[in-house]
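A.B. asks: Going line by line, the protein sequences match chains A and B.
Residue 33 in full-length UniProt numbering is what sits at position 33 of the first sequence, and the numbering runs on without skipping anything.
Residue 36 in full-length UniProt numbering is what sits at position 36 of the second sequence, and the numbering runs on without skipping anything.
Mind having a look at this structure? Questions to follow.
Protein chains: 2
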Amino acid sequence: MSHSRVDVAERIDNEACPLTEVLERVAGKWSIGILVAAAQGPVRFTELERAIAGISRRMLTLNLRRLERDGLLVRTVYPTVPPKVEYSLTPMARELHTSLSGLVGWAERHRADITTARAAYDASAVDAGTAS
Amino acid sequence: MSHSRVDVAERIDNEACPLTEVLERVAGKWSIGILVAAAQGPVRFTELERAIAGISRRMLTLNLRRLERDGLLVRTVYPTVPPKVEYSLTPMARELHTSLSGLVGWAERHRADITTARAAYDASAVDAGTAS
DNA sequence: CAGGATCCATGTTGATACTG
DNA sequence: CAGTATCAACATGGATCCTG
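Following this line, the structure appears as structure tokens:
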């Protein structure tokens with residue numbers, strides 16, 4: 001039945017546009033890290049800040065807001081002093097965990113391969129340039 | 001045993017940095033679309049261009065080069081006239097298919113939820129601003 | 001057909017400083 | 001602690017024109 005190549009191509013054509021927008025949030029540079037880090041349970045702002053390494057306060061805040069806005073994170077403020085804010089995944093976001101871990105696992109497994117591939121690609125590009 | 005929260009946080013801290021770089025390529029705005037479209041078999045440039053909808057020639061080329069450089073795509077040039085170029089996934093990239101489909105499936109299932117969540121979030125934000 | 005090259009508008013990120 | 005505000009640097013993306 002209709003699982004020809006045209007079929008899939010059309011599916012992407014028709015739905016990837018809004019889908020792209022959705023995927024961008026989920027699969028953006030920092031989102032995966034945040035989502036994975038928050039998967040263990042409620043996480044505090046500072047915990048995330050340290051867990052995600054290269055992220056700036058600004059970017060963390062922005063991403064948290066976006067994820068909250070899209071219904072992936074719940075932000076809980078405890079009106080104590082000093083302030084305490086916890087972020088946790090919504091059920092919808094929890095459904096992502098498998099795919100996200102899959103992605104992270106893949107990245108871990110193939111990090112070296114990718115580095116190698118890059119070096120090889122760059123080397124042959126240089127060769128082509130040097131071939132005069 | 002050691003799957004405490006500190007454990008996971010450290011794992012992310014130590015490895016997410018280069019990992020982030022890897023994930024960016026895979027999870028970038030267009031990469032998923034390209035990878036999914038190419039999963040069906042060799043795809044030509046123009047096929048991709050039409051399949052991915054909003055993408056420009058420039059962005060498609062750039063992304064194809066990056067994916068090729070990272071060893072996720074193989075570019076095959078047929079020296080015919082007019083030229084014919086096909087892109088196909090490497091075995092490494094094929095391993096991603098499950099996770100990627102999972103992501104796409106999730107996005108499809110929850111697109112409406114996300115739209116709703118956004119509207120709700122924005123509405124309450126407006127309320128707060130209007131509450132003078 | 002499948003790009004490469006260039007210019008320019010825009011968005012994204014980081015650094016820094018300040019706050020309830 | 002958990003942000004917000006502002007500015008400057010940089011990357012991203014689109015439009016346009018050109019080519020083997």
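Virtual Cβ for every residue (Gly too), placed ideally from N, Cα, C.
1) Give the straight-line distance between the Cα atoms of A:Pro-42 and A:Ala-125, rounded to the nearest whole angstrom.
2) Kindly indicate if chain A contains any beta-carbon less than 8 Å away from that of B:Thr-98.
3) Between the C-alpha atoms of B:Arg-44 and A:Arg-118, what's the straight-line distance to the nearest angstrom?
4) Under a Cβ-count criterion, where at least 16 other Cβ atoms within 10 Å of its own Cβ denotes burial, should A:Val-26 be classed as buried or exposed?
5) For B:Asp-122, count neighbouring Cβ atoms within 10 angstroms of its own Cβ and tell me buried if that reaches 16, exposed if not.
6) Could you name the residues of the same chain whose beta carbon sits closer than 8 Å to that of residue 175 of chain A, not counting the 5 residues immediately before and after it, in chain order?
7) I'd like to know if B:Tyr-121 contacts chain A, where contact means its C-beta is closer than 8 Å to some C-beta of that chain.
8) What are the boundary residues of the beta strand (DSSP E) that includes B:Val-85?
9) Using the three-state DSSP reduction, which class does A:Thr-80 fall into: helix, strand or coil?
10) Would you mind giving the Cβ-Cβ distance between B:Ala-93 and B:Leu-62, rounded to the nearest angstrom? I have them listed as a contact below 8 Å.
11) Is the separation between the beta-carbon of A:Ile-34 and that of A:Leu-67 shorter than 8 Å?
12) When you compare only the Cα positions, how much space is there between A:His-3 and A:Ala-51?
13) Alpha carbon to alpha carbon, how far is B:Gly-54 from B:Pro-79? Give it in angstroms, no decimals.
14) By Cβ distance, which residues of its chain are closer than 8 Å to B:Ser-88, with the 5 residues on each side in sequence left out?
15) Per DSSP, what kind of secondary structure is B:Leu-72 in: helix, strand or coil?
16) Whose C-beta lies closer than 8 Å to the C-beta of B:Pro-83 among residues of the same chain, with five residues either side of it excluded?
17) Name the residue from B:Ala-107, B:Glu-49, B:Leu-64 whose alpha carbon lies nearest to the alpha carbon of B:Thr-90.
18) For B:Thr-116, count the other beta carbons within 10 Å of its own beta carbon; 16 or more makes it buried, fewer makes it exposed. Which is it?
19) List the residues of chain A whose Cβ lies closer than 7 Å to the Cβ of B:Met-92, in chain order.
20) In the DSSP assignment, the alpha helix (DSSP H) including A:Gly-33 goes from what residue to what residue?
21) Provide the residue span of the alpha helix (DSSP H) that contains B:Glu-95, from first to last.
22) Between the C-alpha atoms of B:Ser-99 and B:Glu-21, what's the straight-line distance to the nearest angstrom?
23) Just checking my contact of A:Glu-49 with A:Arg-57 at CB under 8 Å: how many whole Å lie between their CB atoms?
24) CB A:Leu-19 to CB B:Glu-108, shorter than 8 Å?
25) Could you compute how far the alpha carbon of B:Ala-120 sits from the alpha carbon of B:Trp-106?
C.D. replies: On the basis of the data shown:
1) Their backbone Cα atoms lie some 47 Å apart in a straight line.
2) yes
3) Near 23 Å, if we compare the C-alpha coordinates of A:Arg-118 and B:Arg-44.
4) buried
5) exposed
6) No answer is possible for residue 175 of chain A: it lies beyond the span of chain A, which begins at 1 and ends at 132.
7) yes
8) 84-89
9) Three-state DSSP puts A:Thr-80 in coil, outside helix and strand.
10) In fact, because the Cβ distance is near 17 Å, the residues do not count as touching under 8 Å.
11) yes
12) Caution applies to A:His-3, whose pLDDT of 42 falls short of 50 and renders its modelled position unreliable; the model cannot decide the point.
13) 29 Å
14) Ala-38, Gly-41, Pro-42, Val-43, Leu-73, Val-74, Thr-76
15) coil
16) Cβ neighbours of B:Pro-83 within its own chain (closer than 8 Å, five residues either side excluded): Val-77.
17) B:Leu-64
18) exposed
19) His-110, Asp-113
20) 31-38
21) No alpha helix (DSSP H) contains B:Glu-95, which DSSP labels as neither H nor E.
22) 18 Å
23) 7 Å
24) yes
25) 21 Å
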